[in-house]
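A short write-up of the structure that comes next.
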């Protein structure tokens, strides 16, 4: 039977479980479930509840999972693999066990000492990066920088096909906290206005560039003062805040980029499409070209790369 | 009757109402009430409820108020006075009216274009600054910088006895959001440990100095990673976060200080005693001497300075 599935590939982060029924690299079906941060029953019960229709139809299938499922608060903790980490290292670091007749593999996160000399960690992004290398052979050669914007934005250096180092910026979480819970913006006044949002982001980005050595805390209050004094609208102020934060995030990553790279390579941006666009704009302000890649597709490809010796097509 | 009160002086901010029954500069009694941000009845009812025992005993007394009581969401909005603002300018900007037989005066906030070229505002701190000038004659001469750490830290420049300019840093609010609501620290694990807290703050402060051109977002995730990888305790991590933020706050204020000032003048720090100590340590790291001043006393003195022609002793 040519369309029978070979395995289940899952991206299980803090906010979502996204399961894909696969035949090799082809997705046959998909289903979503609760993220690790919002489980109402155990992780195991959540997983098998979500995939029950597939199990009834196809029986026990190998299940490959990446993300916070392997964290201390996930299903089973998988120790971090160390950088440099390529396919071979990540394969050795997999946690494998059986549950309810299915063979389970959970991808390890990765730790490193980042370029600032601090410890750093990721869980989930390593599988996306592996997927990017597997599906874009150019990323397997030489020195490449990847941007993975999100709650905890990761800037990753891939050298000769291995994740060599990375650095985390808290930009997404910082933005959400300041937008939703600070005195900078009144949550009541939310009105969508695309033109104002574009203008606000551009102004915030520009401001972060002009004030590049000014600490963020000294720029944030502007978001409030400009509404009070200059009549900046809520829509504009919220994206001004985003522009300030993303602008500074990119400034912090600039030391990663050198002349050669800028001239020759488009930087892959792996993240939600709208967010990827904002990072593309912020990188473009420094003359850095980018190309957006789909995070979910890369997770599936990354799990495939981890599994390739195991899954018969 | 020599101990009869002359007026009531009140500091009415977002979180607290602090009323003082005064005879000139002497406080005879005090009472607290709800802040502007947590009113359960109207501002007027809150105020007169709190001071009712005094009104019954002494009749109608002039009431002088400073802080968020004069904001858009306060009792009555008082337009901002513009910098430079000294006692005369702040006196002209007072909002005066009668309520329930009492004469009321609410101090104006102050606005300026800050040294970074952005609009900036304060409400309440201007009265503390005026009180500091009134009670410390040296601050009325030449050029003086004052630090007012808090939810929205203010760095103020006083020149020839007038508030010339100021700059706001969101450090206090940022710290509270990241400590209580982010993924950096687990709120469950709170255990007080003074030694660890001291060590954490010193390490965070040191880190902010070593990484002085690195945007905050790129340093924040360390708070989490150091707990995961280096076994940093919760107590240490929470003050490490504080050290990073206060360290950057002070770095952002450094352009205000010049050689002359550093050599000759102790910088007044007006704020909660524990917070003032942390700012003193962060400024000491740059060779800047400081002297703590009591914010409540300064508010009373500032209102006295505003009222002096009005209140017969």
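Residue numbers (UniProt numbering), protein chains in the order written: chain A, 1 to 313; chain B, 1 to 313. Don't be surprised by glycine CBs; every beta carbon is placed ideally from N, CA and C.
DSSP lists 268/B as the beta-bridge partner residues of residue 291/B.
In terms of beta-carbon proximity, residue 50/A stays away from the interface with chain B, with every pair separated by 8 Å or more.
Going by DSSP, residue 273/B is part of the alpha helix (DSSP H) stretching over 273 to 284. If only uninterrupted alpha helix (DSSP H) runs of at least 4 residues are considered, those enclosed by the region 182 to 247 of chain A are 194 to 210, 217 to 220, 222 to 230.
Taken through DSSP and simplified to helix, strand or coil, residue 29/A comes out as strand.
For residue 169/B, the secondary structure class from DSSP, reduced to helix, strand or coil, is strand. The region 273 to 289 of chain B and the region 227 to 236 of chain B do not touch, with fewer than three beta-carbon pairs separated by less than 8 Å.
Listed along chain A, the residues sitting closer than 7 Å to residue 213/B by beta-carbon distance are 213. DSSP, reduced to helix, strand and coil, places residue 18/B within a strand of the structure shown.
The C-beta of residue 228/B comes closer than 8 Å to at least one C-beta of chain A.
Between the alpha carbons of residue 73/B and residue 173/B lies a distance of about 19 Å. Think of a sphere of 8 Å around the beta carbon of residue 249/A: the chain B residues whose beta carbon falls inside it are 215, 217, 218, in chain order.
By the criterion of at least three beta-carbon pairs nearer than 8 Å, the region 6 to 21 of chain A is in contact with the region 294 to 306 of chain A. The beta-carbon distance between residue 265/A and residue 144/A, rounded to whole angstroms, is 6 Å. This is short enough to meet the 8 Å contact definition. Within the region 96 to 148 of chain B, the complete alpha helix (DSSP H) runs of at least 4 residues fall at 125 to 135.
Across the region 128 to 141 of chain B, no CB contact with chain A closer than 9 Å is found for any residue. Taking residue 292/A as reference, the option from 280/A, 124/A, 37/A, 286/A with the minimal CA-CA separation is 280/A.
As the crow flies, the alpha-carbon of residue 98/B is around 34 Å from that of residue 139/B.
At a Cβ-Cβ threshold of 8 Å, residue 84/B and residue 186/B do not count as neighbours. Taking a Cβ-Cβ threshold of 8 Å, none of the residues of chain A is close to residue 206/B; the smallest such distance is about 12 Å.
Residue-level contact by beta carbon holds for residue 181/B and chain A, with a gap shorter than 8 Å. For chain B, the residues of the region 74 to 106 of chain A that bring a beta carbon within less than 9 Å of one of its beta carbons are 80, in chain order. Looking at 55/A, 125/A, 135/A, the one whose alpha-carbon comes closest to that of residue 167/A is 125/A.
Secondary structure note for residue 47/B: its alpha helix (DSSP H) is the uninterrupted segment 43 to 58. Burial is judged here by how many other beta carbons sit within 10 angstroms of a residue's own beta carbon; residue 226/B has at least 16 and is buried. With a threshold of 16 other beta carbon atoms within 10 Å, residue 6/A meets it and is buried. Apart from the 5 residues on each side of it in sequence, residue 176/B sits with its Cβ closer than 8 Å to the Cβ of 151 in its chain, given in chain order. Residue 62/B is outside the set of residues whose beta carbon lies under 8 Å from a beta carbon in chain A. Between residue 223/B and residue 184/B, the beta carbon gap of about 4 Å places them in contact (Cβ cut-off 8 Å). Burial state of residue 120/B is buried, judged by a 10 Å Cβ sphere holding 16 or more other Cβ atoms. Using a C-beta cut-off of 8 Å, the region 85 to 104 of chain B makes no contact with the region 245 to 254 of chain A, since fewer than three inter-stretch Cβ pairs fall below that distance. DSSP places residue 77/A in the coil class of the three-state scheme, outside both helix and strand. Contact annotation, residue 102/A with residue 133/A: C-beta distance approximately 28 Å; criterion of less than 8 Å not satisfied. When Cβ-Cβ separations below 8 Å define contact, residue 252/B makes contact with chain A.
For the set 157/B, 106/B, 87/B, the Cα lying nearest the Cα of residue 148/B is the one of 157/B.
Apart from sequence neighbours up to five positions away, the residues of its chain that approach residue 20/A with a beta-carbon distance below 6 Å are 9, 27, 30, 300, ordered along the chain.
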